[in-house]
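Have a look at the structure below, then the notes.
Number of protein chains: 2
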Amino acid sequence: MQIIRSVQQMQQRCLTARQAGKRIAFVPTMGWLHEGHLSLLREGRRRGDLLVLSIFVNPTQFGQNEDFDSYPRDLERDAALARDVGVDLIFAPEAADMYPRGYQTFVDVEGAMTSVLCGASRPGHFRGVTTVVTKLFTIVQPHVALFGQKDFQQLAVIRRMTADLNLPVEIVGMPIVREPDGLAMSSRNVYLTDEQRRQALVLYRALCEARRLVAGGRTDSAGIVESLRAMIEAEPETRIDYVEICHQATLERQRTVDADSVLLLAVFVGKTRLIDNGYLLPTD
Amino acid sequence: MQIIRSVQQMQQRCLTARQAGKRIAFVPTMGWLHEGHLSLLREGRRRGDLLVLSIFVNPTQFGQNEDFDSYPRDLERDAALARDVGVDLIFAPEAADMYPRGYQTFVDVEGAMTSVLCGASRPGHFRGVTTVVTKLFTIVQPHVALFGQKDFQQLAVIRRMTADLNLPVEIVGMPIVREPDGLAMSSRNVYLTDEQRRQALVLYRALCEARRLVAGGRTDSAGIVESLRAMIEAEPETRIDYVEICHQATLERQRTVDADSVLLLAVFVGKTRLIDNGYLLPTD
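These protein sequence lines are chains A and B, in that order. In this text, residue positions in the first sequence follow the numbering used here: the first is -2, and each later residue adds one. In this text, residue positions in the second sequence follow the numbering used here: the first is -2, and each later residue adds one.
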């Protein structure tokens, strides 16, 4: 396994691999790897000849008052985990190489898909995501790229962008990986105190409750959401960002639950913003 | 020579060619080919194994009241010219295939470079250009792409975008090709009446006058521009959009002429908007 810092060197290496007929599988991350990331890497290992992991805490997708500075970073730890799952190349660029002086170009998915949910709470976030993912795709030249479904809206936006810009990359979404008690894996879980960690479980409990209500015949989104909000607000350190039932592809709000309905949650627990989501009807 | 209409078929063809080790040279155009385009194609023929010409009158770079509908189109005529200079593939997509229903992604070079000059007169124009060029690059997968320097600002914006998005494409700018009397070649010259065609020469005469003034020791941009404006306004059917002296790389206005100074002109002659430009000091 090799760690490459230089954008130019990485691109040259990947263009050469492609030219040699290698199939490139790519997992872009911000590091501080957990089982969710590792599940993507294992699937990538199966799908590609050359498995590339990028680790880049991308400044353009963080807002002014967000956790860019405190986001956990440990390249040595991540490299050891990556080696164990068979990563070939880690791309870990510097921000000054990704966004050199005079940088001016941004990729934007316009419309509701990026202005609702996390787009409403985090203005500019998806513009940062789509810009860096476009750049990573042109540098790494992957045949296939894997993303976690925990960032459900991000995955939908990246699918849209990839199709719109004709990027020749297959986008694969992989299921949320959860702790044994149900908490969705996230690099940000490290911020939680023991008590907050306990309260954070309410996201998963809300998802289970929503599924229970739907299985029992409820289809009115407003009523379901109201119950879930009460459940989440009962935990003293929580503050709801959003609780919404949306169409899986368009992310438009749905009044009535159907097979395309996804529950999407964003909840602050203390100062830590956690997200979770899931389909409300069985998907298989 | 083959004409390909389908985006998917074109991309597949180009990915296969790259994989086979072919060097792809690409000239994106809106068709109605003239000697300017042909000079790009001849240079592309020298630089690539596979020479691709795209012909696409891109709706997203035209404003509401511009000439999208009347822009001259004749694929048969263009195909004959292309064959003569050795084009291998013409890519002539339909707008509905380039921008299918639900299309939402745009590439933007932000800041002064796209808000001055043509960016000021044609809001959204460069956003349309950078978006379609990104798409054409991901579809055609060129090693080298050739653009005319007549669209000086467009070339600067595309260079910026290509560098910022790490697109692995060498951008080549080629000199303006002029009619024997000095008029810069343009597909839009076809709109001119005989009388307007005569008056349109004032763009080239203004450029020559500016060079003469600079050769004579003048370096004050404001004074030079004032003389040129008077000269242009003396032609009855002209209406000046802009006459500016700018730095060749940043496109910022310059008070004093130096080796980086470019004169940039946009002038309506009747209803036809013509552009021209040139360095004010010898460049070799």
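We treat Cβ as the ideally placed atom computed from N, Cα and C, and that holds for glycine. In this text, all values refer to a predicted model and were calculated from it rather than measured experimentally.
Backbone CA spacing between residue i and residue j [nearest angstrom]
i: B:Ser118; j: B:Phe144; result: 22 Å
i: A:Gln16; j: A:Gln9; result: 10 Å
i: A:Pro165; j: B:Ala203; result: 47 Å
i: B:Asp255; j: B:Glu249; result: 13 Å
i: A:Thr216; j: A:Leu262; result: 18 Å
i: A:His31; j: A:Val187; result: 11 Å
i: A:Arg185; j: A:Tyr68; result: 8 Å
i: A:Pro56; j: A:Gly214; result: 45 Å
i: B:Ala153; j: A:Leu152; result: 33 Å
i: B:Asp105; j: B:Asn163; result: 14 Å
i: B:Gly33; j: B:Gln146; result: 10 Å
i: A:Tyr276; j: A:His122; result: 24 Å
i: A:Val84; j: A:Ile168; result: 19 Å
i: B:Met95; j: A:Asp161; result: 8 Å
i: A:Thr247; j: A:Met110; result: 7 Å
i: A:Ala286; j: A:Gly108; result: Because chain A in this structure spans residues -2 to 281, residue 286 of chain A falls outside the shown range and cannot be described.
i: B:Arg236; j: A:Phe65; result: 51 Å
i: B:Cys11; j: B:Glu192; result: 45 Å
i: B:Asp71; j: B:Thr190; result: 20 Å
i: B:Arg42; j: B:Asp75; result: 17 Å
i: A:Cys205; j: A:Ser112; result: 27 Å
i: B:Tyr239; j: B:Phe103; result: 27 Å
Proximal chain A residues relative to residue i, where beta-carbon distance stays under 7 Å
i: B:Phe103; result: Asp105, Glu107
i: B:Leu12; result: Pro165
i: B:Arg157; result: Gln101, Thr102
i: B:Gln8; result: Asn163, Pro165
Residue from the options with nearest C-alpha to residue i
i: A:Asp281; options: A:Asp257, A:Ala22, A:Leu271, A:Val264; result: A:Asp257
i: A:Val141; options: A:Glu32, A:Gln9, A:Gly33, A:Glu40; result: A:Glu40
i: B:Lys19; options: B:Cys205, B:Asn55, B:Gln138; result: B:Gln138
i: A:Arg209; options: A:Thr111, A:Gly60, A:Pro279; result: A:Pro279
i: B:Ala93; options: B:Arg44, B:Glu63, B:Phe53, B:Phe59; result: B:Phe53
i: B:Glu230; options: B:Ala197, B:Val211, B:Arg74, B:Met27; result: B:Ala197
i: B:Asn62; options: B:Pro120, B:Leu200, B:Val84; result: B:Pro120
i: B:Gln150; options: B:Arg124, B:Leu200, B:Asp64; result: B:Arg124
i: A:Phe23; options: A:Val4, A:Leu12, A:Arg44; result: A:Arg44
i: B:Gly28; options: B:Gly60, B:Met7, B:Glu73; result: B:Glu73
i: A:Gly60; options: A:Leu189, A:Cys205, A:Gly116; result: A:Gly116
i: A:Pro177; options: A:Tyr201, A:Asp71, A:Ile237, A:Asp75; result: A:Tyr201
i: B:Gln6; options: B:Arg236, B:Thr190, B:Thr135; result: B:Thr135
i: B:Asp148; options: B:Thr190, B:Pro25, B:Cys11; result: B:Pro25
Within chain A, the residues that residue i reaches when beta carbons sit closer than 9 Å
i: B:Thr57; result: None at all; the shortest Cβ gap to chain A is about 12 Å.
Beta-carbon neighbours of residue i, restricted to chain B and to distances below 7 Å
i: A:Lys132; result: Leu162, Asn163
Within chain A, partners of residue i - CB distance below 8 Å
i: B:Val4; result: Asn163
i: B:Thr135; result: Leu162, Asn163, Leu164, Pro165
i: B:Tyr188; result: Chain A residues near B:Tyr188: none, gap ~32 Å exceeds 8 Å.
i: B:Gly18; result: Gln16
7 Å Cβ cutoff met for residue i and residue j
i: B:Leu260; j: B:Ala227; result: no
i: B:Leu50; j: B:Ala77; result: no
i: A:Ile21; j: A:Leu47; result: yes
i: A:Leu35; j: A:Val82; result: yes
i: B:Arg194; j: B:Ser218; result: no
i: A:Val264; j: A:Glu234; result: no
i: B:Val126; j: B:Gln58; result: yes
i: B:Glu232; j: B:Val199; result: yes
Any non-hydrogen atom of the ligand NAP within 6 Å of residue i CB
i: A:Val154; result: Looking for the ligand NAP in the displayed structure turns up nothing, as the structure carries no ligands at all.
Listed by chain order, chain B residues near residue i by CB distance under 8 Å
i: A:Gln151; result: Per Cβ cutoff of 8 Å: no residues; A:Gln151 is ~14 Å from chain B at best.
i: A:Met182; result: In chain order: nothing, as chain B lies at least about 29 Å away.
i: A:Met110; result: Gln101
Contact the stretch 93 to 104 of chain A vs the stretch 156 to 163 of chain B: 3+ CB pairs below 8 Å: The stretch 93 to 104 of chain A vs the stretch 156 to 163 of chain B: in contact.
Validate contact between the stretch -2 to 8 of chain A and the stretch 82 to 90 of chain A using beta carbons, cut 8 Å, 3 pairs: The stretch -2 to 8 of chain A, when compared against the stretch 82 to 90 of chain A, does touch it at the 8 Å Cβ threshold.
Segment contact flag, the stretch 179 to 195 of chain B with the stretch 260 to 272 of chain B, C-beta cutoff 8 Å, min 3 pairs: The stretch 179 to 195 of chain B vs the stretch 260 to 272 of chain B: in contact.
At least 3 beta-carbon pairs within less than 8 Å: the stretch 125 to 134 of chain A vs the stretch 221 to 235 of chain A: In this structure the stretch 125 to 134 of chain A does not touch the stretch 221 to 235 of chain A; the number of beta carbon pairs closer than 8 Å is below three.
The stretch 235 to 251 of chain A contacting the stretch 163 to 175 of chain A, beta-carbon criterion three pairs below 8 Å: Result no; under three Cβ-Cβ pairs closer than 8 Å.
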